[in-house]
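Undergrad: Here the protein sequences line up with chains A and B, keeping their order. Mapping of the first sequence onto the UniProt record's numbering: residues 1 to 320, in sequence order. Mapping of the second sequence onto the UniProt record's numbering: residues 1 to 561, in sequence order. Virtual Cβ for every residue (Gly too), placed ideally from N, Cα, C.
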Amino acid sequence: MDKPVVEHLPLPAGPVSKWARRKKTLYRERNLWFISLPLIAWVIIFNYVPMYGIMMAFVDYVPGKSIISSDWAGLRHFKAFIDSPDFGNVVRNTLVISGLNILVGFPAPIVLALLLNELRKKRFKQVVQTISYLPHFISWVVVASILFTLLGNEGILNDILLRLGIIDQPISYLGEGKYFWGIITASNLWKDVGWSTIIYLSAMAGVDSEVYEAGKVDGLGRMGAMWHITLPGVRPTIVLLWILGIGGILNAGFEQQLLIGNSQTREYYEVIDTYAYKYGIQLGNYSYGAAVGLMKAVIGVFLVFSANRISKKVLDTSIF
Amino acid sequence: MKKLLTFTLMCTMVISMLAGCSSNNNEPAPVKQNSNTDNGNTPADTGVEEVTNEFGWNVPKNTLEINFYAGQDNPDTVKENSTLMQQFLQEKFNVKLNKIVYDVDMNEKLNLMLASGDYPEVITMLSDEQAAKWIAQGKAVELGQYIDEYAPNVKSQLGDLYKSFLDKDGKLYTLPSYWGILPIPGASGHIRYDWWTAMGSPAFNTPDEFYNVLKQMQAEHPKNSKGEKTYALSGYAPMYKVVAPTLGGMWGLQAGYKVDKDGTNTHWVNTPEGLEMTKFMNKVYRDGMLDPDSFINTFDDWKAKFSAERVMGHIGSWWVSWNAGHEVWQKTNPNWKDEERFVQVKVKADSAEQAKLTALNGRGSYRTIITDKAKNPEEIMKWFNFSITDMGTRIIGWGVPNTANSVWTYENGTFKWVEAMKKAVVDGTYDFTNSDKLGQGVFTLVEGVGTMKDDGKSTYWFDQNFNDEAKWKKLMNENLKDTIYDNTLSVIQIPGNDLLAVTNTQIEEMLETLWAKAVTSKTEEESVKNFNDMRDKLNSSGLKDIEAFRTKENQRRLAEW
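Written out as structure tokens, the structure is:
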């Protein structure tokens with residue numbers, strides 16, 4: 001009697017068949033999974049296991065004691081942050097500085113990439129690109145000292161304005177809060193605009209040249225090609241970076257604030273990260289710092305999901 | 001073959017990664033207290049004292065090694081400055097002191113030490129709030145149990161102060177790193193002496209008169225030799241700490257607070273004196289006499305301007321105008337004259353009964369603890385017992401004696417100053433890098449900085465021993481003799497684990513920002529408005545709670561100390 005060939009029989013429909021299909025797929029891709037195992041383990045060990053530290057935000061942690069054995073604080077640290085006199089300023093500064101960075105810093109590399117993409121002389125294009133990348137490699141410490149030299153009370157700009165008779169007293173650009181947001185936005189832009197073009201330029205390089213040929217035949221000029229071919233060609237990249245940018249809207253910077261800001265501009269420079277550092281790490285109130293950081297992270301995740309959902313509905317493009 | 005290769009590769013990666021994550025035994029390595037023996041350090045092993053040396057220390061048979069953490073500093077510099085003194089103590093006392101410092105914020109390092117369990121047997125230069133954290137964690141050894149048997153000098157030297165270090169249960173966990181009162185000035189107004197005498201030495205007493213003299217001086221020296229703009233006054237951040245306490249002292253405030261006889265503490269922003277001193281600074285600013293970067297400058301920025309002769313006055317610690325003034329000029333200018341310097345002067349508002357410029361704190365601001373890592377706290381206490389004596393204080397404070405560059409000699413039970421060194425101090429030409437090399441102060445753990453009991457005049461600070469003979473120090477002391485006061489009861493720290501400590505930091509940061517705004521206002525009306533806004537904002541942010549905390553603690557001290 002022949003042995004029935006069970007494995008070749010059609011699988012029953014429903015959830016069981018779905019699970020079996022998954023098992024089959026897993027078995028088929030087992031080599032890939034084996035290779036991925038170390039990375040999965042890496043992510044679990046280094047990205048998920050340390051998350052137990054989030055607990056710190058809900059207890060009164062004291063260094064030397066374990067988090068588990070610390071006294072339970074519930075939401076007290078979150079409440080303390082919300083009730084603190086700095087809360088309004090810190091949240092406002094974070095949102096404004098990030099908002100300005102997105103408003104100015106997001107389109108700027110797209111425009112620069114479009115312009116660079118239009119350059120015909122390869123050598124010139126390379127030189128311009130390289131020069132535009134360079135500021136990215138300059139540390140914020142150096143940028144801060146450049147700013148002090150340029151914008152200080154005795155800096156170059158004040159010197160020029162005084163000599164030209166435009167002002168009779170130096171303007172304290174770095175000592176007056178009203179200038180801080182502009183200075184930090186301009187510094188971020190100067191530092192990163194070139195570097196951020198890389199991803200757009202590579203996306204533009206991927207646009208099929210035949211589409212440009214077809215556009216030419218249809219009478220498109222360079223501006224028209226840019227608008228109707230290049231930009232739509234890189235739209236998925238733009239959307240992807242925009243969603244990620246929204247997720248990072250609460251990452252308004254850290255070292256630039258600490259280096260360029262000072263006591264006179266504190267009302268305009270203090271952002272969530274610098275606040276968490278000062279009151280969490282420097283004061284040794286780790287639970288308070290953890291609560292502030294966690295609050296920021298939760299809002300960030302919420303913003304990413306929201307931006308992704310909006311993008312999916314409006315532009316039919318999303319990252320997950 | 002392919003599967004085998006994949007499997008092998010995967011296993012290798014997982015194993016190598018997990019190997020890197022293997023748990024680390026957090027148990028700290030045992031701290032060695034006795035370098036000559038590897039066995040335990042029971043008192044019987046180390047306590048066999050065979051000889052008493054010429055300084056009165058019973059030299060232990062085996063080397064007593066004490067490792068102590070002393071906060072943030074440059075490890076290379078500290079190592080270099082420790083070498084000579086370390087050799088001396090090892091040779092003469094059979095005691096090896098190892099000072100540990102890191103170029104990292106002390107608070108962060110202490111928290112890391114607590115979390116990791118990796119710390120030495122002694123920690124010094126702790127604030128009260130930092131020490132409280134170690135005590136609460138059970139990491140600090142109770143020292144009271146050793147006092148009578150091993151360290152009676154600690155009790156006798158501290159005298160009445162001793163009980164102020166006991167907690168509410170009568171336990172002793174901390175000792176002062178520095179303690180005692182030396183009635184010499186610490187802060188004042190400053191003025192460029194040669195320029196002032198060139199003006200005919202116009203007299204001044206009140207802040208307004210001080211302002212007028214500085215204004216006239218700035219008019220006569222609007223630019224330095226390089227053509228750079230000069231200022232009557234400058235400062236460096238944080239101004240609420242650097243300038244405000246001394247400035248408030250001109251109106252009779254005590255280190256930034258009005259302290260009533262019953263112990264009530266009122267912060268200067270809640271006093272009419274606070275408004276007056278703000279208006280004074282605003283007037284200086286509006287007249288272009290205040291360096292506009294005063295609230296931004298670091299000490300080094302300020303020092304660069306000061307050394308470049310761009311500043312003609314100062315309000316704050318006495319030593320800064322020496323350090324940034326003539327001590328720089330005498331090295332850089334071969335034609336420097338003795339009168340080219342700043343002198344420290346008394347300034348008192350008419351409304352104040354007394355100018356309170358120098359706040360003395362008999363308990364000192366820093367603490368030393370013995371941690372639970374110490375295997376023989378008794379032996380460490382014995383060292384404290386010697387170190388706190390007048391002779392111990394001389395050695396620790398004045399550095400190694402009897403060498404070519406020493407500042408003192410000690411022979412046949414008598415100490416003498418080295419005349420050349422004394423003369424250099426008196427003449428104001430002493431090179432303080434020599435003090436560093438001699439290890440002056442490098443191993444400070446429980447030193448008294450007041451007047452020594454044995455001769456009634458010596459003091460820990462080498463250069464303060466000749467104040468009556470040093471022309472400029474004498475002038476300073478005479479100028480400021482009635483500006484010094486004992487503020488021991490009002491030096492109050494908020495415990496770090498109290499949420500009020502967060503409020504206090506917020507208040508201090510806001511104070512600096514808002515005071516800068518009030519000082520740099522364009523008109524006096526605007527300045528007054530900004531001062532009032534600052535006061536309201538700080539009060540609504542918790543300043544009243546801080547005042548209440550300080551008042552309660554001050555009143556407790558009045559009753560118990």
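#1: Taking only the alpha-carbon atoms, compute the straight-line gap between Gln216 (chain B) and Glu209 (chain B) and give it to the nearest angstrom.
#2: Between which two residues does the beta strand (DSSP E) containing Ile484 (chain B) stretch?
#3: Would you identify the three-state DSSP class for Glu378 (chain B), choosing helix, strand or coil?
#4: Is DSSP giving residue 329 (chain A) helix, strand or coil here?
#5: Using a Cβ cut-off of 9 Å, which residues of the region 243–259 of chain A contact any Cβ in chain B, in chain order?
#6: Of the residues B:Lys171, B:Met289, B:Glu447 and B:Asn153, which one's Cα is nearest the Cα of Gln145 (chain B)?
#7: For Asn402 (chain B), is the classification buried or exposed, using 16 other Cβ atoms within 10 angstroms of its Cβ as the cut-off for buried?
#8: Pull up the distance between the alpha-carbon of Tyr69 (chain B) and that of Phe443 (chain B), whole angstroms please.
#9: Would you kindly work out how many angstroms separate the C-alpha atoms of Trp251 (chain B) and Glu276 (chain B), rounded to a whole number?
#10: If you measure from the beta carbon of Asp372 (chain B) to each beta carbon in chain A, is any gap under 7 Å?
#11: Secondary structure at Gln216 (chain B), three-state DSSP: helix, strand or coil?
#12: So, are the CB atoms of Tyr236 (chain B) and Trp302 (chain B) less than 7 Å apart?
#13: Which runs of the alpha helix (DSSP H), 4 residues or longer, sit entirely within the region 168–239 of chain A?
#14: Under 8 Å by Cβ, that's how I've got Asp105 (chain B) and Gln282 (chain A) pegged, so tell me the actual separation to the nearest angstrom.
#15: Tell me whether Gln157 (chain B) is buried or exposed, calling it buried when 16 or more other Cβ atoms sit within 10 Å of its Cβ.
#16: Could you tell me how far apart the beta carbons of Ile388 (chain B) and Val446 (chain B) are, in whole angstroms, since I believe they sit closer than 8 Å?
#17: Starting from Glu512 (chain B), find everything on chain A with Cβ-Cβ shorter than 8 Å and list it in chain order.
#18: Please give me, in chain order, every unbroken run of the beta strand (DSSP E) with length at least 3 that falls completely inside the region 155–218 of chain B.
#19: Under 8 Å Cβ to Cβ from Trp179 (chain B), same chain only, skipping five residues before and after it: list those, please.
#20: Does Lys356 (chain B) pass the burial test, meaning 16 or more other C-beta atoms within 10 Å, or should it be called exposed?
#21: Helix, strand or coil, according to DSSP, for Val141 (chain B) in the structure here?
#22: Quick check on Gly71 (chain B): does DSSP put it in helix, strand or coil?
#23: Output needed in chain order: residues of the region 133–164 of chain B with a Cβ under 8 Å from some Cβ in chain A.
#24: Within the same chain, show all residues whose beta-carbon is closer than 8 Å to that of Gly284 (chain A), passing over the 5 residues directly before and after it, in chain order.
#25: I'd like to confirm something about Glu65 (chain B): is its beta-carbon nearer than 6 Å to some heavy atom of the ligand GTP, or not?
#26: Taking 7 Å as the CB-CB limit, is Asn93 (chain A) close to chain B?
#27: Taking its Cβ as the centre, do 16 or more other Cβ atoms sit within 10 Å of Asn530 (chain B), making it buried, or is it exposed?
#28: Can the beta-carbon of Arg535 (chain B) be found closer than 7 Å to that of Val122 (chain B)?
#29: Which bits of chain A does Phe295 (chain B) rub up against, with CB to CB less than 8 Å?
#30: Which full runs of the alpha helix (DSSP H) of 4+ residues lie inside the region 495–525 of chain B, going along the chain?
#31: How many angstroms separate the CA atom of Tyr275 (chain A) from the CA atom of Tyr269 (chain A)?
#32: Just checking my contact of Tyr279 (chain A) with Val502 (chain B) at CB under 8 Å: how many whole Å lie between their CB atoms?
#33: Answer with yes or no whether the minimum CB distance from Ser541 (chain B) to chain A is below 7 Å.
#34: What residues in the region 275–301 of chain A have a beta carbon less than 7 Å from any beta carbon of chain B?
#35: Note the first and the last residue of the continuous alpha helix (DSSP H) segment covering Thr149 (chain A).
#36: Run down chain B in chain order and give the residues with a C-beta less than 7 Å from the C-beta of Asp86 (chain A).
TA: So, from the listed chains and residues:
#1: In the second sequence, the residue the question calls residue 216 (chain B) occupies position 216. In the second sequence, the residue the question calls residue 209 (chain B) occupies position 209. Roughly 11 Å between the two C-alpha positions.
#2: Taking the second sequence and counting its residues from 1, one reaches residue 484 (chain B) at position 484. Counting along the chain, the beta strand (DSSP E) containing Ile484 (chain B) begins and ends at Ile484 to Asp486.
#3: Residue numbering aside, residue 378 (chain B) sits at position 378 when the second sequence is read from its first letter. Of the three classes helix, strand and coil, the one that applies to Glu378 (chain B) here is helix, per DSSP.
#4: Any property of residue 329 (chain A) remains undetermined from this structure, which presents chain A solely from 1 to 320.
#5: Residues passing the 9 Å Cβ filter: none.
#6: Locating residue 145 (chain B) in the second sequence gives position 145, counting from the first residue. Per the Cα distances, B:Lys171.
#7: Taking the first residue of the second sequence as 1, we reach residue 402 (chain B) at position 402. Exposed, by the Cβ-count rule.
#8: Along the second sequence, read from residue 1 onward, the residue named residue 69 (chain B) stands at position 69. Along the second sequence, read from residue 1 onward, the residue named residue 443 (chain B) stands at position 443. Taking C-alpha positions only, Tyr69 (chain B) is separated from Phe443 (chain B) by approximately 11 Å.
#9: Taking the second sequence and counting its residues from 1, the one referred to as residue 251 (chain B) is at position 251. Taking the second sequence and counting its residues from 1, the one referred to as residue 276 (chain B) is at position 276. Cα to Cα, Trp251 (chain B) sits roughly 8 Å from Glu276 (chain B).
#10: Locating residue 372 (chain B) in the second sequence gives position 372, counting from the first residue. Chain A places no beta carbon closer than 7 Å to that of Asp372 (chain B), leaving this residue out of the contacts.
#11: Here the question's residue 216 (chain B) lines up with position 216 in the second sequence. Three-state result, Gln216 (chain B): helix.
#12: If you number the second sequence from 1, residue 236 (chain B) lands on position 236. If you number the second sequence from 1, residue 302 (chain B) lands on position 302. Contact flag set, yes.
#13: Within the region 168–239 of chain A, the runs of alpha helix (DSSP H) that reach at least 4 residues and sit entirely inside it are, in chain order, 177–205, 209–217 and 222–225.
#14: For the purposes of this step, residue 105 (chain B) is identified with residue 105 of the second sequence, where counting begins at 1. For the purposes of this step, residue 282 (chain A) is identified with residue 282 of the first sequence, where counting begins at 1. Yes, Asp105 (chain B) and Gln282 (chain A) are in contact; Cβ-Cβ is about 7 Å, under 8 Å.
#15: In the second sequence, residue 157 (chain B) corresponds to position 157, counting from 1. Buried: at least 16 other Cβ atoms inside 10 Å.
#16: Sequence index remark: in the second sequence, residue 388 (chain B) carries index 388 (1-based). Sequence index remark: in the second sequence, residue 446 (chain B) carries index 446 (1-based). By a beta-carbon distance limit of 8 Å, Ile388 (chain B) contacts Val446 (chain B). Their separation comes to about 5 Å.
#17: Position 512 of the second sequence, counted from the start, is the residue given in the question as residue 512 (chain B). Residues of chain A whose Cβ lies closer than 8 Å to the Cβ of Glu512 (chain B) are, in chain order, Ser263 and Arg266.
#18: When DSSP assignments are scanned along the region 155–218 of chain B, the uninterrupted stretches of beta strand (DSSP E) that are 3 or more residues long and fall wholly within it turn out to be 187–192.
#19: Counted from its first residue, the second sequence places residue 179 (chain B) at position 179. The answer, listed in chain order, is Leu158, Leu161, Gly362, Arg363, Gly364, Val446, Glu447, Gly448, Val449 and Gly450.
#20: Here residue 356 (chain B) refers to the residue found at position 356 when the second sequence is read from its first residue. Buried: at least 16 other Cβ atoms inside 10 Å.
#21: Numbered from its first residue, the second sequence carries residue 141 (chain B) at position 141. Collapsing the DSSP output to three states places Val141 (chain B) in coil.
#22: Within the second sequence, the letter at position 71 stands for residue 71 (chain B). Here Gly71 (chain B) carries a strand assignment [DSSP, helix/strand/coil].
#23: Within the region 133–164 of chain B, the residues whose Cβ lies closer than 8 Å to any Cβ of chain A are, in chain order, Lys133, Ala136, Gln137 and Lys139.
#24: Taking the first residue of the first sequence as 1, we reach residue 284 (chain A) at position 284. Pro63.
#25: The ligand GTP is not part of the structure shown, which contains no ligands of any sort.
#26: Taking the first residue of the first sequence as 1, we reach residue 93 (chain A) at position 93. Asn93 (chain A) does not count as touching chain B.
#27: Taking the second sequence and counting its residues from 1, the one referred to as residue 530 (chain B) is at position 530. Counting Cβ neighbours within 10 Å, Asn530 (chain B) comes out buried, since at least 16 surround it.
#28: Indexing the second sequence from 1 puts residue 535 (chain B) at position 535. Indexing the second sequence from 1 puts residue 122 (chain B) at position 122. Using a Cβ distance threshold of 7 Å, Arg535 (chain B) and Val122 (chain B) do not count as a contacting pair.
#29: As a first step, residue 295 (chain B) is located in the second sequence; it is residue number 295 there, counting from the start. Close partners of Phe295 (chain B) in chain A (Cβ separation under 8 Å): Gly175, Asn262, Ser263 and Gln264.
#30: The qualifying runs are 499–519.
#31: Walking along the first sequence from the start, residue 275 (chain A) turns up at place 275. Walking along the first sequence from the start, residue 269 (chain A) turns up at place 269. Here the alpha carbon of Tyr275 (chain A) sits roughly 10 Å from the alpha carbon of Tyr269 (chain A).
#32: Along the first sequence, one-based indexing puts residue 279 (chain A) at 279. Along the second sequence, one-based indexing puts residue 502 (chain B) at 502. Contact between Tyr279 (chain A) and Val502 (chain B) holds, with the beta-carbon distance rounding to 6 Å and staying under 8 Å.
#33: Within the second sequence, residue 541 (chain B) is the residue found at index 541, counting from 1. Yes - at least one Cβ of chain A is within 7 Å of the one on Ser541 (chain B).
#34: Under the 7 Å Cβ criterion, the region 275–301 of chain A contributes Tyr279, Ile281, Gln282, Leu283, Gly284, Asn285 and Tyr288.
#35: Counting from 1 along the first sequence, the entry for residue 149 (chain A) is found at position 149. Unbroken alpha helix (DSSP H) run through Thr149 (chain A): Trp140 to Leu151.
#36: Counted from its first residue, the first sequence places residue 86 (chain A) at position 86. When 7 Å is used as the limit between beta carbons, Asp86 (chain A) is near these residues of chain B: Gln506, in chain order.
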